[in-house]
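Structure, as structure tokens:
Chains as they are written, first to last, in my numbering: chain A, 466 to 585; chain B, 12 to 155.
Put into structure tokens, the structure is as follows:
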């Protein structure tokens, strides 16, 4: 997986955040490595049109208070299949299943920040 | 700043030792079929000998596959569901899972009803541990 599919936040991106056109989230976990590393900040915009391969922020299908950051693997009508990009972090092999498009709250546009120390 | 979780693909919290139990039951069934399988009596009957070997190979393959599936399901429960806090309540947790995983391997290596029954007993212990950890009473029911 190419880590550069999410660009580094440039000044227009930061400006959009300042004027409320972007939301920022902190990544917790490694299932999106190497695209997003734990500790990095992601910028997300409101969802207008989704495509396969997009990195999105979505409500957990069973625990709505939890937000996930995942990649869209496929879209089926009004539902999407989300997955991490790091197969080694898919510890139990279970899938979240298809989630509703309405549970997607943002599309990742950029990232910034030094990832947390991950050891050797 | 709000956190977004990029953990494993399955933070669904849906766990059930039933999947390990079904695989263990399949191991018991295949072991029994292997022990009951009769070698053809007529050494000249090539077709019967071929069928015998084919059936034997299929039984062995399924036993191997289901024993591995059982081990995988147990490891999911052990590593993903159970937390350090459970260990305080169930001090034999690690030993129970370890012995259950060993029983899976034993069923692969041997064709033994004793090994298969041991596996079922270990899976039953885990069934009881699991539902006790959820403060629920779920009966141990077999599919076969």
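From the three backbone atoms N, C-alpha and C, an ideal C-beta is built for every residue, glycine too. Computed from a predicted model, the values in this text were never measured in an experiment.
Suppose you measure from the CA of residue 584 (chain A) to the CA of residue 14 (chain B); what does that come to, to the nearest Å?
Confidence at residue 584 (chain A) is low in this model, with a pLDDT of 40, below 50, so the placement of that residue is unreliable and no value is reported for it.
Assuming residue 65 (chain B) is part of the alpha helix (DSSP H), what are its boundary residues?
57-87
Roughly how many angstroms lie between the CA atoms of residue 529 (chain A) and residue 122 (chain B), to the nearest whole one?
48 Å
In the DSSP assignment, what residue or residues form a beta bridge with residue 16 (chain B)?
A:493, A:533
Based on Cα-Cα distance, which residue from B:141, B:79, B:154 lies nearest to residue 91 (chain B)?
B:141
At what residues does the beta strand (DSSP E) containing residue 148 (chain B) begin and finish?
Segment: none, residue 148 (chain B) is in no beta strand (DSSP E) and carries neither H nor E.
Counting only Cβ pairs nearer than 8 Å, list the residues of chain B close to residue 506 (chain A).
12
Taking 8 Å as the cut-off, decide whether the C-beta atoms of residue 16 (chain B) and residue 532 (chain A) are in contact.
yes
Is any beta-carbon of chain B found at less than 8 Å from that of residue 484 (chain A)?
no
Through-space distance from residue 517 (chain A) to residue 563 (chain A), alpha-carbon basis:
13 Å
Does residue 16 (chain B) get closer than 8 Å to chain A when you measure Cβ to Cβ?
yes
DSSP on residue 487 (chain A), reduced to helix/strand/coil?
coil
In the structure shown, what three-state DSSP assignment does residue 513 (chain A) receive?
coil
Using 8 Å as the threshold, is the C-beta distance between residue 104 (chain B) and residue 70 (chain B) below it?
no
Using the Cα positions of residue 147 (chain B) and residue 41 (chain B), report the straight-line distance between them to the nearest angstrom.
32 Å
Three-state class that DSSP yields for residue 120 (chain B) in the structure shown:
helix
Let me know the secondary structure DSSP gives residue 38 (chain B) once reduced to three states.
helix
Is there a Cβ of chain B sitting closer than 8 Å to that of residue 522 (chain A), yes or no?
yes
With a cut-off of 8 Å on the beta carbons, I'd call residue 515 (chain A) and residue 545 (chain A) a contact; round off their distance for me.
7 Å
In the structure shown, what three-state DSSP assignment does residue 508 (chain A) receive?
strand
Between which residues of its own chain and residue 73 (chain B) is the CB-CB distance below 6 Å, once the five residues before and five after are set aside?
41
Of the residues A:483, A:484, A:497, A:481, which one's Cα is nearest the Cα of residue 471 (chain A)?
A:497
Can you pull the chain B neighbours of residue 407 (chain A), defined as C-beta to C-beta under 7 Å?
Residue 407 (chain A) lies beyond the residue range present for chain A, which begins at 466 and ends at 585; the question has no answer from this structure.
What number of angstroms, rounded off, separates the C-alpha of residue 523 (chain A) from the C-alpha of residue 492 (chain A)?
13 Å
Identify each residue in the segment 531-546 of chain A for which the Cβ-Cβ distance to at least one residue of chain B is less than 8 Å, and report them in chain order.
531, 532, 533, 534, 535
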